[in-house]
Every structure is written in C-alpha cells, then in structure tokens.
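Step one of this worksheet: look at the structure below.
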C-alpha cells in the first residue's frame, strides 16, 4: 500500500514480521526476541494480577486430568499460575531460554512453543493424578531447556553446543529435581513431558546444513 510519499508502507503485524524475518540482521533478531519474551512474561504477571483480583477465578483454567471438557484448557493452562511466587519462579528461566530459542527465528520459535504447550497439556491431562489441577509455564521452560540443550548438537553448531553446555550448568540441577517423582505439589509429569517434547522439537525443527559441516 502506498503511503503517499512515493515509498511503500511496511507491512505491520505478526504476518509481516514473520515474512520479512529472513532479511533481519542479528541485532534485529535479538531485538525482536527480547520484545517478544518481555511481552510474554509481562502477560503472565498481568494474568496473575487479574487472577488475584478476581478471587483466583482464572485457576479454573488449569488442566484437570481425563475430564473431556478440560481439554479446552490445555493451551490456557500454560499462561495461568497459582500465586505470584509461582510466576516469579518461571519468569527468569522463561525469559532467558525463550530469548535464546527465539534468536533462531520467530517462525520456528512459534512452532516449537506451540508443540511444547499442546503436547505438555495433553500429556498432563492424560497421566496426572486424579483431582489434580495443573497450570503454569514450567512445562514450556522445561521444553525450551530440552530444545536448547540438544539443538546445537543436532544442527552441528558450535555456538548452539556452547549454549547447551551453559544452560545445563545453570539450570541442570533444577531440571533434574523438577522431573523427580518424589516431590509433592509439583507436576513432575508436566516437567518431564515438556523436557522430552523440547528434545523432539530440536529434531523436528532443526535448521538444515550441508553434511559434515560444523558452524558457529
């Protein structure tokens, strides 16, 4: 669409962002990834504020296992938390791991996150204990950890391998503790499903390179 000045107006919206993404510089990718993740985390805090103000009405969007009507909550449950402490625990790792994952491209990042959220929610619905209510972004956190942990090796990228080693050093202990079935009040099932789905996503959405190359 012409803007009246002889130029062409830039396409706005997510569709335009994704279609022009390949032409972005590294700085532009980093800026877009940062904006996306800050917005995501801000949304989680806003939803928790609304939850508290409404007498925790949003808690009903958590996943109750094996109840067919609860399938509609598979996606919303990833954005709902049970208290500010719950949001705070997920905010930093989601911000960092999400930013690092999004640097590889917003289109791929959207696909990875969609797979993790849906698979994790369905898995929780299927195997969680009776009468449990599961919500929170930790499944996404564990999924992105798994994705970043192996994607560097899968794609044969030195920088990706280094990222995997660093995040393993920072969060590896917490990840192992989070999938231990001995904890109470924690959805280790959701954590484990998210982690495995993230690893699978690293293979499904890997960037193709010529055989035998190892890139930075």
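In UniProt numbering, the protein residues as written are 1 to 216.
Just so it is clear, CB atoms sit at the ideal spot from N, CA and C, and this is done for glycine as well.
Going by Cα to Cα distance, which pick from 201, 138 and 105 is closest to residue 171?
138
Three CB pairs or more closer than 8 angstroms across the region 91 to 106 and the region 116 to 129
The region 91 to 106, when compared against the region 116 to 129, does not touch it at the 8 angstroms Cβ threshold.
What are the residues that DSSP puts in a beta bridge with residue 63?
134
Less than 8 angstroms between the beta carbons of residue 99 and residue 33, yes or no?
Yes, Cβ-Cβ distance for residue 99 and residue 33 is below 8 angstroms.
Can you give me the start and stop residues for the alpha helix (DSSP H) that residue 36 sits inside?
26 to 53
Between residue 119 and the rest of its own chain, which residues show a CB-CB distance below 7 angstroms, the 5 nearest in sequence each way excluded?
193 and 197
Can you check whether the CB of residue 148 is closer than 8 angstroms to the CB of residue 179?
no
Can you tell which of 132, 91, 71 and 157 has its C-alpha closest to the C-alpha of residue 141?
91
Every unbroken alpha helix (DSSP H) within the region 82 to 144, with a cutoff of 4 residues, ordered by chain
84 to 102 and 106 to 127
State the start and end residues of the unbroken alpha helix (DSSP H) segment that holds residue 170.
158 to 178
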